[in-house]
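A quick write-up on the structure given underneath.
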Amino acid sequence: MGTFNEYGCACRCLLKLLADKGSPMSVDDFLKSFPYPVWQPSHSDPKPGVTNIDMVCDIARNLRLASSLHVFRCYTEVQRRFVIEKLSVLIYSEVHLDPERNDPINHVSLLTAIDSVQFSLWCPLQDGSDILATFPTGHWDTKLCYGLVLFK
326 MGTFNEYGCA CRCLLKLLAD KGSPMSVDDF LKSFPYPVWQ PSHSDPKPGV
376 TNIDMVCDIA RNLRLASSLH VFRCYTEVQR RFVIEKLSVL IYSEVHLDPE
426 RNDPINHVSL LTAIDSVQFS LWCPLQDGSD ILATFPTGHW DTKLCYGLVL
476 FK
């Protein structure tokens, strides 16, 4: 049976944003506030916390983290939105972020820094822990990253 930590990386990023803004919410309260049926473990699909972009947008709006959200594939656009406009950005990666791996994965992290040389992410891990990791700009393309920018 899966757990929220194993499959809820996007939701955990939203919870991190809430906490960083001074409004922490527990996972239990989060699941009560957003009772999506697909989050309930079943025998056929035991993956609570799995989301798609529509769900993430809906949750971010309801948590008042954003009024609209836009997806950007272009690294410099994401950099501009984060650095100049000071907007929060979730980073989706379609290839495992570990430099030694190239297997497909759908993972969401929270952008913490970005410049012309590298970008840093707060990455929730499946065991419930998290890490801060920095990647060279080239990983943006090799790891098939794109940003979901949260506009206020």
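If you're matching positions, the sequence shown starts at 326 in our numbering and goes up one per residue. Every residue gets a Cβ at the ideal spot worked out from N, C-alpha and C, and that includes glycine. Just so it is clear, the structure is predicted and the values come from calculations on it, not from any experiment.
Which two residues bound the contiguous alpha helix (DSSP H) that contains Gln451? Neither: Gln451 is in no alpha helix (DSSP H) and is coded neither H nor E.
With a cut-off of 8 Å, do at least 3 Cβ pairs link the stretch 330 to 342 to the stretch 456 to 463? no
Which whole-angstrom value is the C-beta distance of Leu473 and Tyr417, which I expect to be below 8 Å? 6 Å
I'd like to confirm the pairing. Which residues does DSSP put opposite Phe460 in its beta bridges? Phe444
So Cys336 is in the alpha helix (DSSP H); what residue range does that whole segment cover? 334 to 345
By how many angstroms is the C-alpha of Ser434 removed from the C-alpha of Asn330? 13 Å
Would you list the residues sitting across from Cys470 in a DSSP beta bridge? Ser418
Do Ile295 and Phe359 have their C-beta atoms closer together than 8 Å? The question about residue 295 has no answer here: the residues shown for the chain are numbered 326 through 477.
Can you list, in chain order, the residues of its chain with a C-beta nearer than 7 Å to that of Trp447? Leave out the 5 residues immediately preceding and following it. Lys341, Ser434, Leu435, Thr437, Asp455, Leu457
Considering Cα atoms alone, identify which of Lys346, Asp452, Leu450, Lys468 is closest to Leu390. Lys346
Going by DSSP in three states, Val375 sits in which element: helix, strand or coil? coil
Looking only at its own chain, which residues have a Cβ that is under 6 Å from the Cβ of Ile439, when we skip the five neighbours before and after it? Gln404, Phe407
So, using beta-carbon positions, are His432 and Cys334 closer together than 8 Å? yes
How would you label Ser393, buried or exposed, when you count the other beta carbons within 10 angstroms and need 16 or more for buried? exposed
Tell me the rounded alpha-carbon separation between Tyr332 and Leu422. 16 Å
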